[in-house]
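Numbering (the numbering used here), first residue to last: 454 to 874.
Glycine included, C-beta positions come from ideal geometry on N, C-alpha and C.
Just so we're clear, the structure is a prediction, and the values are computed from it rather than from any experiment.
What follows is one structure encoded as structure tokens, with my remarks underneath.
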Amino acid sequence: MLHLNDIRNNKEKYIELLKIRGVDFSDIILSVIEKDDERKEIQKELDQILALANQNSKKIGDFFKKGMITEANELKKKSIDLKNKSKQLQNNKNQVEENIKDMLTQVPNVPHESVPIGSSENDNVIISKGGEIPNLNKNCIPHWDLVEKYNLIDFELGNKITGSGFPVYKGKGAVLQRALVSYFLNKNVAAGYTEYLPPFMVNETSAFGTGQLPDKEGQMYSVPDDNLYLIPTAEVPVTNFFRDQIISDFPVKCTAYSPCFRREAGSYGKNVRGLNRLHQFEKVEIVQIEHPDKSFDTLNNMVQHVESILIELSLPYRILKLCGKDLGFTSSLTYDFEVYSAAQKKWLEVSSVSNFCSYQANRLKLRFRDENGNTSLCHTLNGSALALPRVYATIIENNQSENEIRIPKVLHPYTGFDVIR
RNA sequence: GGUGAGGUGGCCGAGUGGCUUAAGGCGCACGCUUGGAAAGCGUGUAAACGGGAAACUGUUUCGGGGGUUCGAAUCCCUUCCUCACCGCCA
Numbered sequence: 454m455l456h457l458n459d460i461r462n463n464k465e466k467y468i469e470l471l472k473i474r475g476v477d478f479s480d481i482i483l484s485v486i487e488k489d490d491e492r493k494e495i496q497k498e499l500d501q502i503l504a505l506a507n508q509n510s511k512k513i514g515d516f517f518k519k520g521m522i523t524e525a526n527e528l529k530k531k532s533i534d535l536k537n538k539s540k541q542l543q544n545n546k547n548q549v550e551e552n553i554k555d556m557l558t559q560v561p562n563v564p565h566e567s568v569p570i571g572s573s574e575n576d577n578v579i580i581s582k583g584g585e586i587p588n589l590n591k592n593c594i595p596h597w598d599l600v601e602k603y604n605l606i607d608f609e610l611g612n613k614i615t616g617s618g619f620p621v622y623k624g625k626g627a628v629l630q631r632a633l634v635s636y637f638l639n640k641n642v643a644a645g646y647t648e649y650l651p652p653f654m655v656n657e658t659s660a661f662g663t664g665q666l667p668d669k670e671g672q673m674y675s676v677p678d679d680n681l682y683l684i685p686t687a688e689v690p691v692t693n694f695f696r697d698q699i700i701s702d703f704p705v706k707c708t709a710y711s712p713c714f715r716r717e718a719g720s721y722g723k724n725v726r727g728l729n730r731l732h733q734f735e736k737v738e739i740v741q742i743e744h745p746d747k748s749f750d751t752l753n754n755m756v757q758h759v760e761s762i763l764i765e766l767s768l769p770y771r772i773l774k775l776c777g778k779d780l781g782f783t784s785s786l787t788y789d790f791e792v793y794s795a796a797q798k799k800w801l802e803v804s805s806v807s808n809f810c811s812y813q814a815n816r817l818k819l820r821f822r823d824e825n826g827n828t829s830l831c832h833t834l835n836g837s838a839l840a841l842p843r844v845y846a847t848i849i850e851n852n853q854s855e856n857e858i859r860i861p862k863v864l865h866p867y868t869g870f871d872v873i874r
């Protein structure tokens with residue numbers, strides 16, 4: 454959620470920048486400010502009444518102590534009047550505040566000025582490319598066939614015990630998965646991130662804190678008996694660590710491995726084939742909490758960090774700056790990382806690194822103390838480093854030959870083998 | 001799952017309806033003291049939303065929500081959470 458004072462102070466600028474998303478939010482911005490003026494008026498009046506009522510209560514206490522019963526009773530009557538008035542005002546205020554909140558939740562984050570205008574994903578801008586697309590021979594096969602051929606993943610077994618989208622990794626296939634997790638975590642720790650292993654379920658408050666609730670409720674698995682939700686990403690528990698906090702040392706850098714659970718309601722067809730889209734997948738996440746002045750530099754650092762991992766894995770990749778249309782609701786600037794899956798012959802998203810500025814921090818009440826000693830909202834950033842399934846799929850597809858799959862060198866210490874036959 | 005005890009400021013902890021403007025302590029900051037430090041002494045020490053150029057000031061907040069009352073940390077209802085013991089258990 455945007456902060457009201459920020460909207461007030463940057464009204465024109467925000468309206469202009471929001472147009473990058475291809476939607477005009479000026480009406481809603483202006484009426485939010487109008488409603489807020491109304492709120493202030495009501496509060497002023499309410500505060501005065503409550504102040505008077507508080508004074509009266511004290512006087513009544515004094516009167517009773519002095520035995521001045523008549524005076525006390527008279528004042529009591531006045532206080533009852535005040536009370537009725539304040540109740541009404543309180544109701545008005547609540548209503549107006551709810552109104553404001555409703556409007557605010559409809560406004561997405563303000564795009565960074567560098568975000569390109571666009572009408573579809575085709576307008577995302579490729580800012581960097583690397584790696585070699587391998588020349589596979591024409592007998593090459595996609596990963597869903599490879600995992601069967603080499604006995605690495607059993608989708609049918611997952612179907613049997615849970616349902617589609619819940620693969621079972623086995624043998625070297627499971628080791629490879631574990632190797633990737635360890636490798637990613639080590640890379641992130643070496644880059645200064647502190648490793649966490651968070652709970653894989655969160656309570657309702659946390660789901661609200663990072664914005665999964667109320668709007669994305671249908672995307673999460675829930676455990677209604679215990680009022681818990683299975684996390685769709687480690688971002689949810691990790692970012693919520695810092696809910697309601699006043700941070701004193703920047704930057705806060707966290708990394709966490711977790712399985713991610715997503716209902717993916719509405720997905721279908723070849724996009725969900727094999728490892729491309731799952732209900733449970735594994736991911737290593739990086740999260741940073743940063744001073745507003747530095748957050749965009751930090752975003753660049755995070756992009757470089759993720760890029761370095763893809764380079765070490767020798768995967769063909771490209772980095773896209775998302776255009777206004779494709780930019781997530783809560784993000785101000787996002788870079789997507791895609792790797793080229795040589796057997797499927799398409800680009801697969803493996804990471805998305807975003808600066809949310811103060812949009813998440815506002816809801817989380819995540820603040821720091823500025824040079825004047827006032828509290829101010831932090832900026833939050835996160836990204837995947839990396840999501841496993843598509844990296845996994847691309848590694849085995851791109852490194853396949855007739856009778857074997859070669860494992861990228863950087864993973865050998867983690868797998869203990871360099872080839873799958 | 002059963003029983004019991006709790007949830008108060010950055011932390012510990014007192015507080016059974018108005019003398020609470022939340023005692024006292026710890027921590028932290030600043031000052032005095034010192035050659036320098038420690039100790040000691042003194043002062044200050046939450047957040048949100050308002051008013052004000054500022055000094056300052058109003059309201060709200062004692063886990064959350066609701067209620068009783070002129071007045072609630074304190075009484076009532078409800079809900080969440082934590083801890084202890086028992087049961088079960090990797």
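- Its Cα nearest to that of ASP789, the residue GLU760 stands out among GLU760, ALA795, VAL560, ILE764.
- If you draw a straight line from the Cα of ILE586 to the Cα of ASN852, it is about 11 Å long.
- Within the same chain, and ignoring the five residues on either side of PRO842 in sequence, the residues whose Cβ sits closer than 7 Å to its Cβ are LEU728, LEU731, PHE734.
- Looking only at LEU589, SER617, VAL621, the smallest Cα-Cα distance to GLU601 is reached by VAL621.
- Along the length of the segment 624-658, whole beta strand (DSSP E) runs at least 3 residues long occupy 647-649, 654-656, reported in chain order.
- Assigned with DSSP and collapsed to three states, ARG492 falls in helix.
- Residue range 733-743 is occupied by the beta strand (DSSP E) that includes GLN733, with no alpha helix (DSSP H) assigned at that position.
- Per DSSP, reduced to three states, the secondary structure at ASN729 is coil, with no helix or strand assignment.
- Counted as a single uninterrupted DSSP element, the alpha helix (DSSP H) harbouring ASP598 occupies residues 596-602.
- When C-beta atoms of the segment 649-660 are compared with those of the segment 783-803, fewer than three pairs fall below 8 Å, so the two segments do not count as touching.
- In this structure, the CA atom of ASN604 is about 50 Å from the CA atom of ILE699.
- In terms of Cα proximity to PHE749, the closest of SER807, GLU738, LYS488, ASN693 is SER807.
- According to the DSSP assignment, LYS799 belongs to no alpha helix (DSSP H) but to the beta strand (DSSP E) extending over 799-810.
- Relative to the Cα of GLY514, the nearest Cα in the group ALA814, TYR845, LEU499, SER532 belongs to SER532.
- Exclusion of the five residues before and after LEU638 leaves GLU648, THR708, TYR710, VAL737 as the residues of its chain whose Cβ lies within less than 8 Å of its Cβ.
- Collapsing the DSSP output to three states places PHE790 in a strand.
- The DSSP assignment places no complete beta strand (DSSP E) segment of no fewer than 3 residues inside the segment 494-568.
- For ARG715, there is no enclosing beta strand (DSSP E), as DSSP gives it neither H nor E.
- Collapsing the DSSP output to three states places PHE821 in a strand.
- Excluding its 5 nearest sequence neighbours in each direction, GLU850 has C-beta neighbours in its own chain below 6 Å: HIS596, SER794, ALA795, ALA796, listed in chain order.
- As far as DSSP is concerned, LEU457 takes part in no beta bridge.
- Of the candidates THR787, SER572, SER484, THR787 places its Cα closest to the Cα of GLU566.
- In this structure, the CA atom of LEU666 is about 45 Å from the CA atom of LYS530.
- Excluding its 5 nearest sequence neighbours in each direction, ARG859 has C-beta neighbours in its own chain below 6 Å: ASN852, VAL872, listed in chain order.
- Rounded to the nearest angstrom, the Cβ distance from GLY836 to SER805 is 6 Å, consistent with a contact under 8 Å.
- Here the C-alpha atom of GLU609 lies approximately 24 Å from the C-alpha atom of MET673.
- DSSP, reduced to helix, strand and coil, places THR615 outside both helices and strands of the structure shown, so it counts as coil.
- In this structure, the alpha-carbon of ASP668 lies about 10 Å from that of GLN559.
- Under the DSSP assignment, ASN835 falls in the beta strand (DSSP E) whose first and last residues are 832-840.
- A contact is defined here as three or more CB-CB pairs under 8 Å, and the segment 814-834 meets this definition with respect to the segment 687-699.
- Taking 8 Å as the cut-off, the Cβ atoms of GLU491 and VAL568 do not count as close.
- DSSP places LEU773 in the uninterrupted beta strand (DSSP E) bounded by 770-774.
- GLY583 has TYR770 as its beta-bridge partners, per DSSP.
- Around the beta-carbon of GLU855, fewer than 16 other beta-carbon atoms lie within 10 Å, marking it exposed.
- A distance below 6 Å between beta-carbons, with the five flanking residues on each side excluded, links GLY618 to the following residues of its chain, in chain order: LEU731, HIS732.
- The residue among PHE703, ASP555, ILE579, LYS519 with its C-alpha nearest the C-alpha of GLY645 is PHE703.
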